[in-house]
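Accompanying notes for the structure given below.
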Amino acid sequence: MKVGFIGLGHMGAGMAANLLRAGHQVTVYNRTLGKERALVEQGARAAGRVADACQGEAVVTMLADDRAVEGVVFGDQGVIGSLGPRAIHLSMSTISVALSESLARAHAKAGQRFVAAPVFGRPDVAAAGKLFIVAAGAPDAVTACSPLLEAMGQKTFSIGAEAQAANLVKLSGNFLLASVIEGLGEAMALVGKAGVDRHQYLELLTSTLFTAPVYKTYGGLIAEGKFEPAGFAAPLGYKDIRLTLAAADSLRVPMPVASLLRDRFLTLLAQGGEALDWSGIGQLAARDAGQVDRPR
0 MKVGFIGLGH
10 MGAGMAANLL
20 RAGHQVTVYN
30 RTLGKERALV
40 EQGARAAGRV
50 ADACQGEAVV
60 TMLADDRAVE
70 GVVFGDQGVI
80 GSLGPRAIHL
90 SMSTISVALS
100 ESLARAHAKA
110 GQRFVAAPVF
120 GRPDVAAAGK
130 LFIVAAGAPD
140 AVTACSPLLE
150 AMGQKTFSIG
160 AEAQAANLVK
170 LSGNFLLASV
180 IEGLGEAMAL
190 VGKAGVDRHQ
200 YLELLTSTLF
210 TAPVYKTYGG
220 LIAEGKFEPA
230 GFAAPLGYKD
240 IRLTLAAADS
250 LRVPMPVASL
260 LRDRFLTLLA
270 QGGEALDWSG
280 IGQLAARDAG
290 QVDRPR
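For the sequence shown, counting from 1, position 289 maps to 288 in numbering that gives the first Met the number 0; every step adds exactly one.
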């Protein structure tokens with residue numbers, strides 16, 4: 000397919016590279032110049048403007064937050080003003096449910112198609128083409144995107160025709176991941192203060208009760224106290240929990256644990272944790288117990 004790709008950060012660069020490897024014609028755009036060079040060397044075409052990345056059958060956006068997506072989509076010579084009739088905006092960013100609804104309406108009004116397809120996986124998983132993708136939108140549009148989704152992920156879960164459902168599922172998943180991180184941090188602070196070796200404790204947990212990769216990945220980071228470089232930065236974790244709570248508020252669903260997590264992320268950021276991985280909240284309990292001065 001002839002496709003544009005907007006957003007070449009930690010996740011997007013690897014995803015765009017996989018589209019190239021699968022034989023797609025890819026035009027790339029990033030607000031920060033220079034990030035497109037490696038992809039151009041692999042065969043991509045560099046776009047000087049958002050509009051230049053919107054001349055194909057589809058355009059993929061992989062951006063940090065609602066504000067970035069709104070600027071690219073609704074801005075002067077943005078995605079909506081540049082995509083052709085029936086062309087598809089494949090939104091793979093983790094954004095609010097409200098924005099996803101707004102994007103679906105705006106694209107429909109412009110005679111374009113919109114598919115929300117946020118992903119689960121860290122940058123190394125994105126680079127390997129092993130993401131898990133949650134897709135929602137009109138069935139014909141999701142089907143048309145299948146060659147792109149197959150190039151970027153190991154499995155796609157299609158969950159219906161309402162695009163915002165995919166974003167809600169993604170936010171709920173990140174809420175659960177953050178809950179695991181907080182739980183691991185508290186448990187490790189407890190046993191660690193009693194003198195139990197954290198690495199032995201983690202091996203016991205991940206060999207018996209909790210064998211899922213998330214426990215091994217984040218448990219290892221907490222046991223090592225290794226939160227830099229960030230695979231998924233703490234401000235993004237804070238953003239996702241806030242968006243989860245916003246969705247819960249609109250649906251009138253109490254989420255007391257999510258409220259706790261919001262405060263944990265806010266504490267981490269207030270203590271200078273902007274550059275840390277979001278798993279840095281897993282060391283707050285140890286700090287509260289007097290085991291470390293602050294997350295590092």
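Glycine included, each C-beta is placed from N, C-alpha and C at the ideal position. The structure displayed is predicted, hence computed values, not measured ones.
Alpha-carbon to alpha-carbon, LEU189 and MET0: Approximately 53 angstroms, taken between the alpha carbons.
Residues that GLY136 bridges to, as DSSP identifies them: VAL114
ASP64 (DSSP reduced to helix, strand or coil): coil
Residue burial classification, VAL195 (beta-carbon count within 10 angstroms, cutoff 16): exposed
Residue from ALA284, ALA246 and LEU235 with nearest C-alpha to ALA67: LEU235
Chain-order list of residues whose beta-carbon lies under 7 angstroms from that of PRO294 (same chain, five-residue window excluded): Residue placement at PRO294 is poorly supported in this model, since its pLDDT is 45, which falls under 50; the coordinates are not used for a value here.
ILE240, DSSP secondary structure in three states: helix
Spatial distance of ALA116 from ALA21 (CA atoms): If you draw a straight line from the Cα of ALA116 to the Cα of ALA21, it is about 19 angstroms long.
Where LYS108 falls, given that 16 or more other Cβ within 10 Å makes a residue buried: exposed
Nearest candidate by alpha-carbon position, reference ALA222, set HIS198, PRO253, PHE113 and ALA233: HIS198
Beta carbon of ALA232 nearer than 8 angstroms to that of TRP277: TRP277 is positioned such that its CB atom lies closer than 8 angstroms to that of ALA232.
At least three beta-carbon pairs within less than 8 angstroms, the segment 131-138 to the segment 150-165: yes
Beta strand (DSSP E) runs contained entirely in the segment 148-177, provided each spans 3 or more residues: 152-157
Limits of the unbroken beta strand (DSSP E) element including SER258: For SER258, there is no enclosing beta strand (DSSP E); the residue is found in the alpha helix (DSSP H) stretching over 255-269.
Closest Cα partner of LEU220 within the set GLU181, ARG241, ARG251 and ALA257: GLU181
Chain-order list of residues whose beta-carbon lies under 6 angstroms from that of HIS9 (same chain, five-residue window excluded): PRO122
Cβ neighbours of GLU185 in the same chain (closer than 7 angstroms, five flanking residues each side left out): ALA284
8 angstroms Cβ cutoff met for VAL58 and LEU82: yes
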